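Chains as they are written, first to last, in our numbering: chain A, 156 to 595; chain B, 156 to 595.
Backbone N, C-alpha and C define an ideal beta-carbon position, used for all residues, glycine too.
A quick note: this is a predicted structure, and the numbers were derived from the prediction, not measured.
Protein chains: 2
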Amino acid sequence: MSNIAAAIITIGDELLIGQTIDTNSAWIARHLNELGIDVVRRVAVGDNRESIVKALDEEIAGATIVLITGGLGPTSDDITKPLLSEYFGGKLVVNERVLAHLKEIFTKRNRPFLERNMKQAEVPENCTVLFNKMGTAPGMMWEKVVSRKSLVISPDSKVSRSPGEDHEEKVVIAMPGVPFEMISIMQDEVLPMLRGRFFSDALLHRTIVTAGEGESFIAEKIQSLEEALPAHIKLAYLPDAGMVKLRLTGRSADKEALAKELEARQGEIADLLGDIVVAREDLPMEKIIGDALLAQGKMLGLAESCTGGFIGHLITQVTGSSKYFNGSIVSYSNEVKHNVLVVQQETIDNYGAVSEQTVAEMATGALRVLNSDYALAVSGVLGPDGGTDRVPVGTVWMAVADKETVKTKVFRFHYNRQQNKEMAAKMGMLMLWKFFSRKS
Amino acid sequence: MSNIAAAIITIGDELLIGQTIDTNSAWIARHLNELGIDVVRRVAVGDNRESIVKALDEEIAGATIVLITGGLGPTSDDITKPLLSEYFGGKLVVNERVLAHLKEIFTKRNRPFLERNMKQAEVPENCTVLFNKMGTAPGMMWEKVVSRKSLVISPDSKVSRSPGEDHEEKVVIAMPGVPFEMISIMQDEVLPMLRGRFFSDALLHRTIVTAGEGESFIAEKIQSLEEALPAHIKLAYLPDAGMVKLRLTGRSADKEALAKELEARQGEIADLLGDIVVAREDLPMEKIIGDALLAQGKMLGLAESCTGGFIGHLITQVTGSSKYFNGSIVSYSNEVKHNVLVVQQETIDNYGAVSEQTVAEMATGALRVLNSDYALAVSGVLGPDGGTDRVPVGTVWMAVADKETVKTKVFRFHYNRQQNKEMAAKMGMLMLWKFFSRKS
């Protein structure tokens with residue numbers, strides 16, 4: 156392994172009972188990766204002394220950098236800070252900067268500073284405090300680790316104690332689990348420190364976003380190119396709801412040569428895949444659509460029934476989307492379809508709310524009401540209830556329109572309510588993109 | 156530990172580079188928990204033989220049930236299936252049921268069945284095949300595991316090989332990483348099998364949802380009750396954007412007595428917390444609002460600017476929301492605010508789009524245009540751009556209205572664009588709930 160190895164330990168019962176989805180690990184991994192640090196393992200354990208100690212022992216043995224999130228709150232289910240303090244052989248002392256910051260936060264929030272909050276200002280005496288400007292619990296770093304037990308597991312799975320490694324140079328960092336606090340500490344303190352401290356080969360990614368074909372089809376099509384890839388370039392398939400992202404990852408000491416080489420391979424693959432290539436950059440569909448609208452100088456309007464505003468939400472996740480997005484009429488009731496989008500009452504009565512005719516009138520209505528150049532309209536039955544023989548659960552009608560043309564299409568999704576909504580949003584955006592890219 | 160211990164291994168480079176957020180583990184943990192199976196560890200490793208073998212060795216040693224997700228796709232970055240086959244001492248053979256299912260899927264999707272797809276029909280000869288009706292890659296189960304090395308780490312962190320454990324009864328299950336395929340296999344095959352096979356104490360949860368106060372405040376307020384909890388009942392604090400959920404978890408052989416005991420404790424805590432209690436059930440805010448609207452027989456309409464449809468999306472995540480939700484006018488442009496919501500042009504010109512006056516007119520406009528009993532309107536600057544001295548990034552004005560009253564409030568969020576949107580949605584829903592619960 157030529158890169159620096161890192162491990163992530165996530166602490167918290169809420170992760171093990173599934174109450175919380177761990178988004179921190181992905182964020183940390185992505186940002187370490189950009190520096191050329193490989194996350195080799197991620198482990199989640201409960202708020203439990205033995206499990207935490209075991210994870211620390213193992214991950215410190217297996218990686219140079221260990222990042223810990225979670226377990227640093229004010230309430231009694233949190234045991235991590237005293238344990239870390241003990242693990243690294245120090246004791247807890249009140250840190251004046253942290254205490255002043257805490258009192259300031261409590262004053263600002265108009266809350267009394269209680270005796271139990273005092274504990275939040277305590278940090279292990281032998282750590283470097285990583286200031287948490289977004290919250291109360293500071294981050295902590297230990298730079299020279301006396302590993303209590305250097306447990307080493309060799310590639311052939313033999314377990315041994317590795318003597319003489321007791322003073323190996325390692326970095327262990329503990330941060331609170333609240334995502335924006337963790338992110339703030341990583342950005343302000345951890346990433347700049349790691350960047351300065353560790354050297355490694357450049358690691359670069361290049362991505363091709365495709366739509367409309369599956370992994371196997373693509374693999375068959377680019378087989379010869381894939382087999383010809385040199386050892387320092389890897390290709391990964393990342394499928395996601397009707398789309399497949401292909402990611403080339405390269406490692407080399409010569410960053411500029413690597414960039415050129417990756418771009419050449421990316422070009423060859425994209426040329427071979429032709430029409431199914433949506434973008435040659437790792438962008439979400441909403442950004443791809445936004446860039447295309449911006450380039451054309453056109454405005455978009457939506458008419459959403461079953462998606463309930465989800466497509467509008469995705470479109471407006473992109474900074475600057477007001478330059479090309481006028482808005483969405485979320486016409487969940489038929490009354491709103493008629494009153495606001497001016498769908499004919501007899502269209503709804505004769506064909507139903509989930510029909511080609513209704514969705515076409517919703518699209519032309521959105522064009523007019525939202526004064527837009529393009530419109531996307533969606534009406535369907537996401538389930539689990541509300542299906543009929545004629546319009547079963549999972550049926551979603553879509554229409555895209557400009558001032559000259561209306562195109563309609565029906566989809567049938569077979570997942571649960573939330574996944575059907577996500578698929579409808581993604582397929583709708585894809586249909587829109589094909590429409591104004593004139594690819595359909 | 157009285158409960159059955161399970162471990163989850165997630166396989167895939169995409170998890171270690173942070174391309175994908177692991178939602179599978181939380182789903183699995185939540186559903187195992189309901190059965191009374193404790194997830195004691197979750198580990199994520201890359202598509203790499205040594206890491207996978209090491210994780211298998213360790214997790215099989217530390218848990219009775221090991222669930223593996225990921226690494227089972229048709230493309231060349233997937234090495235898990237042959238490795239598992241080898242690990243459990245079998246070889247790959249074509250499974251006729253899987254092959255027939257595969258061919259059916261390819262026919263239905265109008266895709267050619269390619270030579271490399273044949274590999275997808277292969278399964279280790281010594282496993283039980285778990286049928287995957289939602290996708291191509293089957294699940295696999297090994298019921299009697301010959302653990303290659305029984306690595307045991309005792310509570311005092313000593314590592315030893317435990318002889319005689321080589322034939323310990325364990326269950327190892329491998330499933331594809333695509334969430335809806337994993338969920339389908341879990342629901343149809345894995346959960347019923349585990350429920351029948353393992354006995355354990357009943358495990359019950361009771362939740363109290365609070366809003367408006369922090370963890371420390373709550374902890375101080377209920378300290379005496381918390382300290383008086385018996386050993387078999389645990390209390391956890393789960394903070395989330397302006398809300399804190401309190402979860403009581405109890406274990407006992409006597410399920411009925413436990414339920415009564417938990418409900419009594421829940422009642423005492425809720426009574427002590429009084430006004431800040433939003434619900435005595437673990438429900439998201441959108442469901443709490445929906446239930447309240449349904450009980451009152453009232454209809455809701457939204458006027459969303461900066462949230463872009465996100466609140467409508469959340470409200471419509473709830474099955475049956477059409478009974479109380481008419482729709483949302485996502486008025487991203489000022490033109491739509493004026494044309495559709497009939498906000499006075501001079502209000503926008505004089506006070507700006509992000510102002511108390513504009514948001515109040517948006518709310519009364521939504522009441523009228525969407526013919527609703529209650530309306531919530533939101534207009535703000537989420538950032539990172541678009542802020543001014545008067546209206547800095549993070550400023551969000553909200554209004555709630557019925558036919559008699561309009562209430563307005565300004566918030567200032569300090570996170571990134573996406574988090575500011577989430578906070579705005581949550582605070583908006585909370586404001587709405589307080590308004591029609593007459594708690595403000």
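{"Asked": "Start-to-end residues for the alpha helix (DSSP H) that takes in Val208(A)", "Found": "204-217"}
{"Asked": "Under 8 angstroms by beta carbon: chain B residues contacting His256(A)", "Found": "Near His256(A) there are no residues of chain B at all, since even the closest Cβ is about 15 angstroms away, more than 8 angstroms."}
{"Asked": "9 angstroms Cβ cutoff, Arg185(B) in contact with chain A", "Found": "yes"}
{"Asked": "Chain-ordered neighbours of Ser488(A) on chain C, where CB pairs are closer than 9 angstroms", "Found": "Absent from the structure: chain C. Protein chains present are A and B."}
{"Asked": "Status (buried if at least 16 other CB within 10 Å, exposed otherwise) for Leu306(B)", "Found": "Unreliable positioning characterises Leu306(B) in this predicted model, as indicated by a pLDDT of 49, which lies under 50. The coordinate reading is nonetheless provided below. The residue in question, Leu306(B), is buried, as its Cβ has 16 or more Cβ neighbours within 10 Å."}
{"Asked": "Host beta strand (DSSP E) of Ile503(A) (start-end)", "Found": "Per DSSP, Ile503(A) belongs to no beta strand (DSSP E); it is in the alpha helix (DSSP H), 500-506."}
{"Asked": "Between the CA atoms of Phe568(A) and Lys562(A) - distance to the nearest angstrom", "Found": "20 angstroms"}
{"Asked": "Proximal chain B residues relative to Thr175(A), where beta-carbon distance stays under 9 angstroms", "Found": "Ala181, Leu393, Asp395"}
{"Asked": "Pairwise C-alpha distance: Leu438(B) and Gly116(A)", "Found": "Limits of chain A in this structure are 156 at one end and 595 at the other, which puts residue 116(A) out of reach."}
{"Asked": "Same chain only: Cβ atoms within 6 angstroms of Asp446(B), ignoring 5 sequence neighbours per side", "Found": "none"}
{"Asked": "Classification of Gln421(A) by the beta-carbon crowding that lies within 10 angstroms, buried from 16 upward", "Found": "buried"}
{"Asked": "Proximal residues of chain A, C-beta to C-beta of Thr570(B) below 7 angstroms", "Found": "Residue identity differs from the one stated: residue 570(B) is Tyr in this sequence, not Thr. Neighbours of Tyr570(B) on chain A, chain order: Phe335."}
{"Asked": "Contacting positions in the segment 520-552 of chain B - beta carbon closer than 9 angstroms to chain A", "Found": "Val524, Leu525, Asn526, Leu537, Gly538, Pro539, Asp540, Gly541"}
{"Asked": "9 angstroms Cβ cut-off: residues of chain A touching Arg266(B)", "Found": "Glu368, Gly369, Ser371, Phe372"}
{"Asked": "Any C-beta of chain B under 9 angstroms from that of Asn287(A)", "Found": "no"}
{"Asked": "Secondary structure of Gly429(A), DSSP reduced to three states", "Found": "helix"}
{"Asked": "Glu344(B) versus Ala414(B) - alpha carbon distance", "Found": "28 angstroms"}
{"Asked": "Buried versus exposed call for Asp504(A) [16 or more other C-beta atoms within 10 Å across all chains shown]", "Found": "exposed"}
{"Asked": "Unbroken alpha helix (DSSP H) run spanning Val548(A), endpoints", "Found": "It is not in any alpha helix (DSSP H) - Val548(A) carries neither H nor E in the DSSP assignment."}
{"Asked": "Cβ-based neighbour list, Tyr506(A), same chain, cut-off 7 angstroms, excluding 5 preceding and 5 following", "Found": "Gln512, Thr513"}
{"Asked": "Within chain A, partners of Leu413(B) - CB distance below 7 angstroms", "Found": "Here the premise fails: no neighbours, minimum Cβ distance about 17 angstroms."}
{"Asked": "Residue interval of the alpha helix (DSSP H) (run including Thr235(A))", "Found": "235-242"}
{"Asked": "Cut-off 6 angstroms between Cβ atoms - residues of its own chain near Glu169(B), not counting five sequence neighbours on either side", "Found": "Thr175"}
{"Asked": "Under 9 angstroms by beta carbon: chain B residues contacting Asp168(A)", "Found": "Lys389, Ala391, Thr404"}
{"Asked": "First and last residue of the uninterrupted beta strand (DSSP E) at Asn481(A)", "Found": "480-486"}
{"Asked": "Residue-level contact to chain B via CB, Asp356(A), 9 angstroms cutoff", "Found": "no"}
{"Asked": "Near-chain A residues of the segment 488-513 of chain B - C-beta to any C-beta below 9 angstroms", "Found": "Ser488, Glu490, Val491, Lys492, Asn494, Val495"}
{"Asked": "Buried versus exposed, by CB contacts within 10 Å (16 or more), Thr262(B)", "Found": "exposed"}
{"Asked": "Residues that Phe566(A) bridges to, as DSSP identifies them", "Found": "Val551(A)"}
{"Asked": "Alpha carbon of Met582(B) to alpha carbon of Gly405(A), nearest angstrom", "Found": "44 angstroms"}
{"Asked": "CB contact below 9 angstroms: Glu213(B) versus chain A", "Found": "yes"}
{"Asked": "Reduced DSSP secondary structure (H/G/I, E/B, other) of Thr543(B)", "Found": "coil"}
{"Asked": "Three-state class that DSSP yields for Arg303(A) in the structure shown", "Found": "Residue confidence for Arg303(A) is low, a pLDDT of 46 falling below 50, so the modelled location carries little weight; the figure read from the coordinates is stated next. Coil, per DSSP."}
{"Asked": "Three-way DSSP call (helix, strand, coil) for His387(A) in this model", "Found": "coil"}
{"Asked": "Residues within the segment 189-207 of chain B neighbouring chain A, beta-carbon criterion of under 8 angstroms", "Found": "Asp193, Val194, Val195, Arg196, Arg197, Val198, Ala199, Val200, Gly201, Glu205, Ser206"}
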